[in-house]
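Undergrad: Have a look at this one.
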Amino acid sequence: MLMNAKTIAIALAWVLLVTSGCGPIGSLVGGGSGTQTAALWADVPAMEGMKQDNIELPLPIKLAVQALVKASGSSEGVRVDNFEIITFTSVKTPEDVKAFYTNERMQSAGWNMPDQPGCAGMSDSPSAGATFCLFGKQNPTNKSFLVLAAMRNENDTAMNLFFLRFDGDVVTTPAGS
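Letter by letter, the sequence shown follows residues 13 to 189 in the working numbering.
Here's what the structure looks like:
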């Protein structure tokens, strides 16, 4: 059974916070990065003011997201076939991201998975902090997970936004297995 989605989002945020300075971890685990996509997907609304950029995905995010999707995929009977990344910068704040990517907006764009946690933010000030979002969509044969991480340090003029998408086929178990 899939772990409660809010618990997953909190665990993801905790892992990112705890490991956000751990450079040596990269040498202990394989890289495992997704494919850089050319444009934001048609079913993901674009927030005004985002500028596409080729930002390296921080290792803590790679580790946390890969673990999250692997765990949820295996427990839900989903074989993840596609992992794509697109990155942006913006002068907006993580709080702006949280206000834009609401469950209602994402549901109207087709992200229909029940009990999706949406966005949660952590902030030290109005201009700095982080927002993490998790959305899902499903139909009888496919499931998709979208993870959005928006981060801005106090001294930075731009916020970094990381969109990660995992798509997979629903794997059915034959009766009697």
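Where is the CB? At the ideal position from N, CA and C, for every residue including glycine. These numbers were taken from a predicted model, which means no experiment stands behind them.
1. Write down the C-beta distance between residue 130 and residue 114 rounded to the nearest angstrom, noting that I regard them as a contact closer than 8 Å.
2. Thinking C-alpha only, which one of 140, 161, 124 is nearest residue 72?
3. Report the start-end ranges of each beta strand (DSSP E) in the region 99-153 that is 3 residues or longer and not cut off at the edges.
4. Let me make sure I understand the geometry here. Which of 97, 123, 171, 166 has the alpha-carbon closest to that of residue 74?
5. Let me know the secondary structure DSSP gives residue 161 once reduced to three states.
6. Would you tell me roughly how many angstroms separate the C-alpha atoms of residue 141 and residue 153, rounded to the nearest one?
7. So, for residue 169: in the same chain, excluding its five sequence neighbours on each side, which residues have a beta-carbon less than 6 Å away from its beta-carbon?
8. Run the CB neighbour count on residue 78, radius 10 Å, all protein chains shown included, and call it buried at 16 or more, exposed below.
9. For residue 39 and residue 70, I'd like the C-alpha separation in whole angstroms.
TA: Concretely, from the data shown:
1. Counted from its first residue, the sequence shown places residue 130 at position 118. Counted from its first residue, the sequence shown places residue 114 at position 102. The Cβ separation is near 7 Å, so the contact holds.
2. On the sequence shown, residue 72 is found 60 positions in, with the first residue counted as 1. Considering only alpha carbons, the answer is 161.
3. Listed in chain order, they are 130-134, 141-150.
4. As a working note, residue 74 is residue 62 in the sequence shown. Among 97, 123, 171, 166, the Cα nearest to that of residue 74 belongs to 97.
5. Here residue 161 refers to the residue found at position 149 of the sequence shown. Strand at residue 161.
6. Indexing the sequence shown from 1 puts residue 141 at position 129. Indexing the sequence shown from 1 puts residue 153 at position 141. Here the alpha carbon of residue 141 sits roughly 37 Å from the alpha carbon of residue 153.
7. Stepping through the sequence shown from its first residue, residue 169 is reached at position 157. Cβ within range, chain order: n/a, list empty.
8. Stepping through the sequence shown from its first residue, residue 78 is reached at position 66. Residue 78 is buried by the Cβ-count criterion.
9. As a working mapping, residue 39 is identified with position 27 in the sequence shown. As a working mapping, residue 70 is identified with position 58 in the sequence shown. Residue placement at residue 39 is flagged as unreliable, the pLDDT there being 31, under the threshold of 50; a coordinate-derived value is accordingly withheld.
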